[in-house]
Amino acid sequence: MKLEVAADYSIFIERSIEAVFKTILEAMLLVSLVIVISLKSFRAAFIPIITIPISLIGTFSLLLFFGFSINTLTLLAMVVAVGLVVDDAIVVLENTVRYLDRGVSPIEAAKKAISEVGFAVVAMTLTLVAVFIPVIFSPGRMGRLFEEFALALAGAVLISGFVAIVLTPVMCSYLLRSRVDKINGSPRKSCLGPENNTLKKFFFFVLKSDIVLHFDGCSGGLQVFTYQRYQFFV
Numbered sequence: 005m006k007l008e009v010a011a012d013y014s015i016f017i018e019r020s021i022e023a024v025f026k027t028i029l030e031a032m033l034l035v036s037l038v039i040v041i042s043l044k045s046f047r048a049a050f051i052p053i054i055t056i057p058i059s060l061i062g063t064f065s066l067l068l069f070f071g072f073s074i075n076t077l078t079l080l081a082m083v084v085a086v087g088l089v090v091d092d093a094i095v096v097l098e099n100t101v102r103y104l105d106r107g108v109s110p111i112e113a114a115k116k117a118i119s120e121v122g123f124a125v126v127a128m129t130l131t132l133v134a135v136f137i138p139v140i141f142s143p144g145r146m147g148r149l150f151e152e153f154a155l156a157l158a159g160a161v162l163i164s165g166f167v168a169i170v171l172t173p174v175m176c177s178y179l180l181r182s183r184v185d186k187i188n189g190s191p192r193k194s195c196l197g198p199e200n201n202t203l204k205k206f207f208f209f210v211l212k213s214d215i216v217l218h219f220d221g222c223s224g225g226l227q228v229f230t231y232q233r234y235q236f237f238v
């Protein structure tokens with residue numbers, strides 16, 4: 005008698021895990037590049053990067069608690085979550101840097117920043133979680149299929165929001181320094197700061213034309229949606 009393996013799904017899972025790690029490394033590199041270019045601080049780039057592994061590790065713990073395994077859908081959720089978990093930390097980080105540019109001490113800057121944007125971070129996190137929760141409780145085959153995917157994404161976003169409120173201000177107070185020039189007392193200029201006239205003109209244009217832009221965006225999206233084919237799987 006000779007036994008042969010008909011199908012070895014472990015190879016596909018291992019390749020998917022490698023793809024997740026590759027995506028995480030690429031995301032860390034791109035986030036660092038954007039933060040360094042916009043805020044001109046290597047210390048600041050380190051703060052949102054820490055959010056990625058903490059959120060993903062917490063998500064795996066959440067999946068273990070609910071009895072889910074590592075499969076294609078949960079790994080896909082990890083890949084998608086990499087781009088979502090850094091948003092809250094970046095919001096807190098940018099507001100902290102804004103106060104550091106005014107000469108405020110790092111600890112006071114972190115306190116003022118989180119007091120201003122803390123509610124916005126909570127609202128943004130709960131909004132994203134609320135998008136995925138209905139998928140978890142969806143009936144039928146579709147609900148059972150994407151239950152793990154939605155739970156993984158909702159868990160990652162929820163943990164990232166907690167990290168942004170609790171851990172990010174602490175890291176900002178310890179890692180960041182005052183950005184006021186010690187020679188002439190003027191703040192450092194960042195390429196996305198208020199001194200950028202080109203960016204300021206673009207923002208004013210968007211604010212003045214918000215109704216037109218919203219109408220064009222909705223109508224364009226509706227046109228694309230009407231021509232899209234519908235089917236369960238390709």
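Note that my numbering has the sequence shown beginning at 5, numbered continuously upward.
For every residue, glycine included, the Cβ atom is placed at its ideal position computed from N, Cα and C.
When you compare only the Cα positions, how much space is there between residue i and residue j?
| i | j | result |
| --- | --- | --- |
| D12 | K6 | 17 Å |
| V161 | F209 | 32 Å |
| K115 | V101 | 12 Å |
| S182 | A168 | 21 Å |
| L37 | A49 | 8 Å |
| I187 | S42 | Because the pLDDT at I187 is just 45, under 50, the model does not fix this residue reliably, and the value given afterwards should be weighed accordingly. Whole-angstrom Cα-Cα distance: 23 Å. |
| D105 | L88 | 27 Å |
| I118 | F141 | 33 Å |
| S223 | Y103 | 40 Å |
| L34 | E8 | 44 Å |
| F150 | E112 | 43 Å |
| V96 | E120 | 9 Å |
| V133 | I163 | 10 Å |
| K44 | I21 | 33 Å |
| G221 | K205 | 21 Å |
| R145 | T27 | 29 Å |
| V125 | M175 | 17 Å |
| E30 | P143 | 36 Å |
Can you tell which of the options has the C-alpha that lies nearest to the C-alpha of residue i?
| i | options | result |
| --- | --- | --- |
| I56 | R19, I118 and G165 | G165 |
| L171 | F46, P52, I28 and T27 | P52 |
| R148 | F72, I28 and S45 | F72 |
| R19 | A154, E151 and I74 | I74 |
| L60 | V24, V121, V133 and D105 | V24 |
| S65 | L155, E112 and G144 | L155 |
| G122 | E152, G144, E98 and G107 | E98 |
| P152 | L67, M32, E120 and E22 | In the sequence under discussion, the amino acid at residue 152 is Glu, which differs from the Pro named in the question. Closest by alpha carbon: L67. |
| P173 | R145, V35, I54 and E22 | I54 |
Beta-carbon within less than 7 Å of residue i's beta-carbon, same chain only, minus the 5 sequence neighbours each way: which residues are those?
| i | result |
| --- | --- |
| L157 | A81, V84, A85 and F136 |
| V40 | F46 and A49 |
| M32 | I53 and I56 |
| F70 | L155 |
| S14 | none |
| A10 | none |
Can you find the residues in the same chain that come closer than 6 Å, C-beta to C-beta, to residue i, ignoring five residues on each side of it along the sequence?
| i | result |
| --- | --- |
| P110 | S177 and L180 |
| I58 | V167 |
| T63 | A156, G159 and A160 |
| V238 | Since pLDDT at V238 reaches only 49, below the 50 mark, its modelled position is unreliable, and the value read off the structure follows with that caveat. So no residue of the chain qualifies. |
Keeping to the same chain, check which residues put their C-beta closer than 8 Å to that of residue i; ignore five residues upstream and five downstream.
| i | result |
| --- | --- |
| F16 | T76 |
| V108 | K116 and S182 |
Count the C-beta pairs between the region 120-138 and the region 66-78 that are closer than 8 Å, then say yes if the count reaches three, no if not.
In short, these stretches do not touch, since the Cβ pair count stays below three.
Okay, do the region 118-131 and the region 84-98 touch, 3+ Cβ pairs below 8 Å being the bar?
Touching, yes.
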